[in-house]
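The letter at position 399 of the sequence shown is residue 1107 when you use my numbering, and the numbering goes up by one with no holes. Cβ coordinates follow ideal geometry from the N, Cα and C atoms, glycine included. Heads up, the thing below is written out as structure tokens.
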Amino acid sequence: MTTLRLAIVGAGPAGIYAADILLKAQKGFDVQIDLFEQLPAPYGLVRYGVAPDHPRIKGIVNALRDVLDSGDIRVFGNVRYGVDISLDDLKKHYNAVIFSTGAIRDADLDVPGIELEGSYGAADFVSWFDGHPDVPRTWPLDASSVAVVGVGNVALDVSRILAKHADDLLPTEIPDNVYEVLKASPVTDVHVFGRRGPAQVKFTPLELRELGELRDVDMIVYDEDFDHDEAAKTAIATNKQVFVMDKVLNQWRQREVGQASRRLHLHFYAKPVEIVGDDEGRVSAFRYERTRPDGQGGVEGTGGMRDVPVQAVYRAVGYFGSPLDGIPFDERRGVIPNHEGQVMDDDNQIVPGVYATGWIKRGPVGLIGHTKSDAMETVSHVIRDQASWWQPSELDPDAVPALLTARGVEFTDLDGWHRLDEHEQALGAAHEHERVRVKVVPRDEMVRVSRADEARTA
Ligand SMILES: Cc1cc2nc3c(=O)[nH]c(=O)nc-3n(C[C@H](O)[C@H](O)[C@H](O)COP(=O)(O)OP(=O)(O)OC[C@H]3O[C@@H](n4cnc5c(N)ncnc54)[C@H](O)[C@@H]3O)c2cc1C
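Pasting the structure below:
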């Protein structure tokens, strides 16, 4: 029987679900899957994006681990496509490749002052508090008032982690150095700004409601933001999520405030205009233009400018994908151009053997579950495209690890991940707060534990 040798690049949920769906699909051929991941550990943003105080979502790694443990997938961790392995290498060893490389960097926010000291991207902050090995281990949390720009769940994650008392994060898998920095944070006020009205946010109800449950944090909403126009009223009446969030916000309007030591303010109808700096080039205020409903479900500027004194600004205006060597890239959207997962070149022609799935396919929106339906669509094309698969010249499965070894790549494998996983869980169990896990953060230590390479510590 024919065998499909498939490479998948990116071991986040999209890549792992694609492998799972392909293995379970009805097809007239055998499958061998190699999963390449630039980090020594799998699971992408489930490990390095989902907030540590969301253990239920973090628990999705258990389902993903079951897929990897099914026995039909090889994992090559600590291998970066474009550096350690190239498109030509993949063509030599595989029939096709699926790219599921997600998005890790912040989208730009084009306002004056964005480069000031104290202006940060949410993605960098998230990577820091989630223990990503490739970001610095320190974070300058020295602001008492902070602005967060954006009305999606990432903005809520960032605001919540900033406003929450560090001790309430102790039972989570938050790295110790992150706890120490959060514990010393002088923050008293976190201001979230959104250009549009409360009926137009992209939050989800559960995540919004959670803010109101933070210990010793007052939720501050402003009455001037609740003068709904017809479009907002229709949205509240017809959309269950918007209805629930409107209810939550209105409950907060009625709450007594003033006792808590920290406040989380939600400002709607606030369009970012400028990050104002002091003489030393540090953030000193967030300037916005008050907007108003335009009667069509959108907003228009009123010309009224307001300044809120802050010493730090976090932009949570979306993630953005990164280009991959030899693969078409849409610079505007930050995705690989594709038709239902089949990668398209600049002339809108399908590139044989090359596929995309997950955030790098459709952009950085949607929950983990959405990457499953994504993967189904992509995998259905891989199966149907059998006639245009690549014809590799090197069929020996040992050739790939041999190639990586010859290049000096210290790749990790599935057994290595199990070792690291068990090591982290053991650290968690031994921790004074009995955590589910304590993440190993430095990349070389992750590799050392995975490869059981005691000699390198000596
Ligand atoms: C801050 C944040 C919080 C979130 N919280 C939730 C939540 O609570 N619930 C929820 O359902 N969804 C949440 N999401 C959304 C969820 O994380 C995404 O839907 C999902 O992770 C997208 O999956 P993916 O596999 O496409 O990308 P990713 O998860 O980003 O995985 C991509 C993988 O590819 C690897 N990679 C990239 N480039 C290369 C390369 N050149 N070579 C090799 N490997 C490479 C990366 O290291 C990564 O492991 C959150 C997202 C963010 C950003």
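With contacts defined by Cβ atoms closer than 8 Å, residue 787 and residue 781 do not form a contacting pair.
DSSP places residue 715 in the strand class (E or B) of the three-state scheme. For residue 918, no pairing in a beta bridge is given by DSSP.
When the beta-carbon positions are compared, residue 1049 and residue 1069 come within less than 8 Å of each other. In the structure shown, residue 912 adopts coil according to DSSP, grouped into three states. Excluding the 5 residues flanking it on each side, residue 1145 has same chain C-beta neighbours closer than 6 Å at 881, 1132, 1133, 1136, in chain order.
In terms of Cα proximity to residue 1101, the closest of 762, 938, 1154, 804 is 804. Membership of residue 765 in the alpha helix (DSSP H) is indicated by the continuous run 763-766. Counting C-beta pairs with one atom in each stretch, the segment 827-834 and the segment 1042-1058 have fewer than three that are closer than 8 Å, which means they do not touch. Every beta strand (DSSP E) of 3 residues or more that sits fully in the segment 1048-1104 is shown, in chain order, as 1050-1052, 1058-1064. Collapsing the DSSP output to three states places residue 822 in coil. A buried status is given to residue 861, since no fewer than 16 other beta-carbon atoms sit within 10 Å of its beta-carbon.
Taking the C-beta atoms as reference points, residue 997 is found nearer than 8 Å to residue 1012. In this structure, ligand 1 has a non-hydrogen atom nearer than 7 Å to the beta-carbon of residue 762. The residues 1007, in chain order, have a CB closer than 6 Å to that of residue 904 in the same chain once the five nearest residues on each side in sequence are set aside. Residue 1075 and residue 771 have their alpha carbons spaced roughly 15 Å apart.
Here residue 937 is near residue 1003, since their CB atoms are less than 8 Å apart. Taken in chain order, the whole alpha helix (DSSP H) runs of length 4 or more contained in the segment 826-880 are 830-837, 861-871.
For residue 1118, the CB contacts under 7 Å within the same chain, skipping 5 residues up- and downstream, are 786, 1155, 1159 in chain order.
Boundaries of the beta strand (DSSP E) around residue 743: 738-744. Each residue's CA atom was taken as its position, placing residue 891 and residue 739 some 50 Å apart. With contacts defined as CB atoms closer than 8 Å, residue 1023 and residue 817 qualify as a contacting pair. Out of 724, 1094, 858, 962, the CA that lies nearest to the CA of residue 931 is found in 962. Note that the segment 838-849 does not touch the segment 725-739; fewer than 3 beta-carbon pairs, one per stretch, sit closer than 8 Å.
Under the 10 Å beta carbon count, residue 953 is surrounded by 16 or more other beta carbons and is classified as buried. With fewer than 16 other Cβ atoms from the protein chains shown falling within 10 Å of its own Cβ, residue 709 counts as exposed. Between ligand 1 and the CB of residue 1066, the shortest heavy atom gap is smaller than 7 Å.
Around the CB of residue 799, 16 or more other CB atoms lie within 10 Å, so the residue is classed as buried.
Closest in alpha carbon position to residue 951, among 927, 911, 921, 979, is 911.
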